[in-house]
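Residue numbers (the numbering used here), protein chains in the order written: chain A, 1 to 390; chain B, 1001 to 1390.
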């Protein structure tokens, strides 16, 4: 198994962009990724592409991968659309790593996009519903925030997690997002704001829910055989793991964990030969505040049931010993579904390159990204390592 | 790059099955694939899964891969949905090969499904339209048969190809499909039937167009490290290649070729170290009769412009020197979009295992499968080799 390296990553801004198309957003992200490669990059080097998008809503449905790669001048390059709901481009990153490790490609583009804000409110409700289980959740009226609200209620009941602890996730992530020029909701919020916001699905308030977003993100993955052409400071994909599970929450034994995340993390840690204690930062899937707390537990940042204490301790704040969601996370940065996983990798690349500006954590070596599809039907975890030259 | 092997493959019947669901069809295909492994197979050995589906039409949209793998008892196995329109499961096969070659998996399930016959006629029109280019083809009224009709007209104009030659594709494929118990249109047709059938999109008649189908297909791909546990007669995935192109036909320089197919074939032949002359049979993407003729040229079975002569020569009939679409092809066997690519591999497995019954070709060693997305926005080609023990 030859090694794969992250040589570049870039994204569009996240937000509501009525004057942009999914193609133009993807182009912005692609160009940013190309620009980010330290020693320069010629797109002709790209052997293959994987593009993640949920892609519902009247745009190109079939072949939406090739539809964006042709737009950025890669018409002849094999392109495959990858989809696992909100984890679509997390899985496109993983496929890029597999393609490089397989020996079938040396340089692979992995990205994703979504345009959501032009859908009507009803369409968005439908659309987000389908990321959960369709037949028994959506068609019986369960919204996606309703699914996560059930998880939050169960966690509060079982472990004594409080609504204030959920709100602290929002406060932390907005504090980070306010320092991210690409963030959709790039402003700070107070604990009081989060606590007193309108309830979306009890116990979740508006500040416990990520926004609806447009955006795109891209990363470039290269093999060990060519990485030296692109950078003197290689960032290795040390580990990558995936997990799946029943798509419907009601089909699972517990509402207080996401086994797909645990499986993905175990596989990624094993491949990387590191554990949660080695991490210097993490981008986790906080589509709802409870999702970040579940991630703390599923990824081994704390014991089961102790995530409320962990957020309260401040250890996952930017100046803590394990900063989580320095980008602002899905909550503040935004959640353009198909772009999200690749967007997390954009933050990992910035942090490990020392280019994260006001959000920079101190001299990181290991960073993790964690992307969940639906309410946990699929999850993917990557561990990136800045190779420290001796 | 370690070698990947095809150790099993199976499918549901193709047709209109109002009493089946996409899950039940997938289960039938999965069980048939498991049953087909010569030395027996325990599904617990599956490390990873890739599932292809276009998946539009009100069923599970996001996470439709995990939604079927959980149904067959693989809930904990990483599953990724792969989509390139009508080539969805051709690409799931390719991803399975990459996963095995990457060293990240030893046994991979690759499959696909589609349920199409329960959609209204308008929905089907919409649905098939999206496999082509949405904005400038479908929204301006071009149907999918219209797109291929333009290719047929251009080929007739440029090379003198005749409507009778198109009809010979239908006659040949129905002759084969009549011997395939899984075929949707498993009956023979005469040249007169094909010629005199109602025109769908001039010059294409009903017999020049594949049906709308429900169905599922699965294959099992294993690494060289474990293949001996499953068979004494290994079938190697000698080559696999992919190509992409502009999604819209109108964006391409020529209407008389599918460059994505050519690129995919070149890559597959190069990896396999063989060429078209070495093939003993091929399953090609005949969604419309002209598509099979284009495939002859794009895959190198004949020179450019000579596909009309090739079909007329009889060489691609079952007793010819390069039998094409012994399964009946998309035309007679059926075309449940997401199942089609994996279904072609089912035929390749049957032929190379000597299990193709009335359709068996004589002692084949090399077989090719060719799956096209849309009108050529993506294509994937595999070359399988029965390893002959010395």
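Note that CB positions come from ideal geometry on N, CA and C, so glycine has one too.
Note that this is a predicted model, so its numbers are computed, not measured.
Beyond the five residues adjoining it in sequence on each side, residue 1187 of chain B comes within less than 7 Å, by CB distance, of 1174 and 1178 in the same chain, given in chain order. At a cut-off of 7 Å, the C-beta of residue 1063 of chain B has a neighbouring C-beta in chain A. Excluding its 5 nearest sequence neighbours in each direction, residue 206 of chain A has C-beta neighbours in its own chain below 7 Å: 197, 198 and 200, listed in chain order. Not one beta carbon of chain A lies nearer than 7 Å to the beta carbon of residue 1340 of chain B.
When rounded, the separation of the alpha-carbon atoms in residue 325 of chain A and residue 333 of chain A is 9 Å. Bounds of any beta strand (DSSP E) do not take in residue 84 of chain A, whose DSSP letter is neither H nor E. Look at residue 1275 of chain B here: in three-state DSSP terms it is coil, with no helix or strand label. Residue 264 of chain A carries a helical assignment under DSSP once its states are collapsed to helix, strand and coil. For residue 69 of chain A, the chain B residues whose C-beta falls within less than 9 Å of its own C-beta are 1244, listed in chain order. Excluding residues up to 5 positions away in sequence, 1068, 1113 and 1216 lie with their Cβ nearer than 6 Å to the Cβ of residue 1026 of chain B in the same chain. DSSP places residue 11 of chain A within a strand segment (E or B) once states are collapsed to three. Here the alpha carbon of residue 1146 of chain B sits roughly 10 Å from the alpha carbon of residue 1137 of chain B. Spanning the alpha carbons of residue 382 of chain A and residue 283 of chain A requires a straight line of approximately 10 Å. Listed along chain B is no residue with a C-beta nearer than 7 Å to that of residue 283 of chain A; the closest approach is about 20 Å. By the beta-carbon neighbour count (other beta carbons within 10 angstroms, threshold 16), residue 65 of chain A is buried. Inter-residue distance for residue 262 of chain A and residue 21 of chain A is about 36 Å (C-alpha atoms, whole angstroms). Non-local beta-carbon contacts of residue 156 of chain A in its own chain, meaning distances under 8 Å to residues more than five positions away in sequence, involve 162, 163 and 203 in chain order. Beyond the five residues adjoining it in sequence on each side, residue 106 of chain A comes within less than 8 Å, by CB distance, of 45, 47, 100, 222, 223, 225 and 226 in the same chain, given in chain order. Counting other Cβ atoms within 10 Å of its Cβ, residue 271 of chain A reaches 16 or more and is therefore classed as buried. When secondary structure is reduced to three states using DSSP, residue 48 of chain A falls in the strand class. Between residue 235 of chain A and residue 5 of chain A, the beta carbon gap of about 6 Å places them in contact (Cβ cut-off 8 Å).
Look at the region 83–111 of chain A: the residues with a C-beta under 7 Å from a C-beta of chain B are 83, 84, 85, 91, 95, 98, 99, 101, 102, 103 and 104. Within the same chain, Cβ atoms closer than 6 Å to the Cβ of residue 184 of chain A are found at 14, 15, 211, 213 and 334, the five residues on either side in sequence being excluded. Listed along chain B are 1130, 1133, 1134, 1135 and 1247, each with a C-beta nearer than 8 Å to that of residue 60 of chain A. No Cβ of chain A is located within less than 7 Å of the beta carbon of residue 1141 of chain B. At least one CB of chain B lies nearer than 7 Å to the CB of residue 1 of chain A.
Residue 358 of chain A carries a helical assignment under DSSP once its states are collapsed to helix, strand and coil. Within the model, the alpha-carbon separation for residue 139 of chain A versus residue 1240 of chain B is close to 40 Å. Closer than 7 Å to the CB of residue 1378 of chain B there is at least one CB belonging to chain A. For the region 249–270 of chain A, the set of residues with a beta-carbon nearer than 7 Å to any beta-carbon of chain B comprises 263, in chain order. With respect to the 7 Å criterion, residue 1081 of chain B and residue 1051 of chain B are classified as neighbours on the basis of their beta carbons.
One Cα belongs to residue 1238 of chain B, the other to residue 1384 of chain B, and the distance between them is close to 5 Å. The alpha carbon of residue 36 of chain A has as its nearest neighbour, out of A:245, A:389 and A:233, the alpha carbon of A:233. If only uninterrupted beta strand (DSSP E) runs of at least 3 residues are considered, those enclosed by the region 143–230 of chain A are 199–201 and 215–223. Remark: C-beta atoms of residue 172 of chain A and residue 297 of chain A do not approach each other more closely than 7 Å.
Counting C-beta pairs with one atom in each stretch, the region 83–101 of chain A and the region 1079–1096 of chain B have three or more that are closer than 8 Å, which means they touch.
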